[in-house]
Structures are given as structure tokens and as C-alpha cells.
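**Student:** If you count by the numbering used here, then the sequence shown holds residues 1205 to 1368, one letter each, in order.
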Amino acid sequence: MAGTALTVRLRIDGVRDTLQALQALPKDANEELRERSMKLATVLAEQARADGMADAAPQSKLVATTVKARRDRVPVVEAGGTRRLGRHKTPAYGLLFASVFGMNRRSGWYAAPRYRGARGRQYRPHRGQDAYWFFPVIESQQARIAREWNEAASEIARKFGRGG
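#1: Under the three-state reduction of DSSP, which class applies to LEU1229: helix, strand or coil?
#2: With DSSP as the reference, label ARG1318 as helix, strand or coil.
#3: Could you give the distance in angstroms between the alpha-carbon of PRO1279 and the alpha-carbon of ALA1233?
#4: What residues in its chain sit with their C-beta under 7 Å from that of GLY1256, if we drop five residues either side in the sequence?
#5: Helix, strand or coil, according to DSSP, for LEU1210 in the structure here?
#6: Just list the alpha helix (DSSP H) runs in the stretch 1233–1285, keeping only unbroken ones of 4 residues or longer that don't cross its boundaries, in chain order.
#7: Which of the three DSSP states is assigned to ALA1310 in this structure?
#8: Nearest-angstrom Cα distance between ASP1221 and ALA1350?
#9: Would you tell me roughly how many angstroms separate the C-alpha atoms of ASP1276 and TRP1313, rounded to the nearest one?
In C-alpha cells, the structure reads:
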């Protein structure tokens, strides 16, 4: 099912040139880069998951259980998916964006006309592009992850460049 998960690929300066250079090396070089990227992404996913679990909104705790690292040549963290969460068995993708960014309207059964005058909120207020959780953790670790990934890529290029 397309569009059911939020996938974040970290922005790393010079990544395209580095990946192109690694294409000329043996296949084992790309495999090692995938392993090193997975380690970096796993640490980041654990931090994002902990941030979601510590968040005040109950939906964040549910969605935080779906945060995971994906294996790729660059660090990738994913949240959401089709797994059903909570007592109403709502798909994770149905809660994902409202728990991360908030929402200014109601959805599902709470959007029925009889609840129009209710003062309660289903989600926290939408704040534009300012996320409540997930993105702040990833953005705060961006420089460290980029530095460590570049170091790993350089090390792999040196190792396999001399016949590794």
C-alpha cells in the first residue's frame, strides 16, 4: 500500500558523488556501507521512538511503536505502516501525521455533526511544519549522522580501494 509510512532519508552533503564512487568498488563495499548505515539509522530510530513514547499525546505513544530503521546505503528511518494500533485498531498511517504535526479539525467518528459543538480536541493543534516529535530528534542529530556516515564511507572507500 503506497503512502502508508513516513520515510526520512537524511540529507548528507556529497552523498550522490560518494555513492557513485562506491559503485566502482566491489559489491562487498556497498554491503558494508548498508550495514554501517543501518547501525546509524538504528540509533536514530531508537531515539525517535523514545521521544514518541515520552510525548504527552496518547497517539504518539501508539505510533512510536512503529518507528524503525530501514536498510539502505544512507541512514533511513521510517514510521507508520499498515499495522493496526489502539483499541479501535486504527492503521498506523491514520494516526501518523496528526500525532506528529497535530490537526485543526476532527476526523473519524469524532467528526460527526453531533460533536460539532464539543470543546474537546482529538489531536493537538496543527503548528504548520513544526513537528511535536519524530522530526525534531532527527534534525538535531543530522550533523552527527552526516559526519559519521561520511567517515564510514571514506573508510570503506579506502579499504576496498586498495583491493580490500
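By construction, the Cβ of each residue, glycine as well, lies at the ideal position given by its N, Cα and C atoms. All figures in this text were calculated on a predicted structure; none of them were measured in a lab.
**Tutor:** From the atom records:
#1: Looking at LEU1229 - three-state DSSP - the assignment turns out to be coil, as it is neither helix nor strand.
#2: Residue state, collapsed to three classes: helix.
#3: C-alpha separation (whole angstroms): 16 Å.
#4: Counting only Cβ-Cβ distances below 7 Å, and skipping sequence neighbours, we find SER1264, LYS1265, VAL1267, ALA1268, VAL1271, TRP1337, PHE1338.
#5: LEU1210 falls in the strand class under three-state DSSP.
#6: Fully enclosed alpha helix (DSSP H) runs of 4 or longer: 1262–1268.
#7: Here residue 1310 turns out to be Arg, not Ala, going by the sequence shown. If DSSP states are grouped into helix, strand and coil, ARG1310 belongs with coil.
#8: Looking at the two C-alpha atoms, the distance is approximately 14 Å.
#9: Counting only the Cα atoms, TRP1313 lies some 39 Å from ASP1276.
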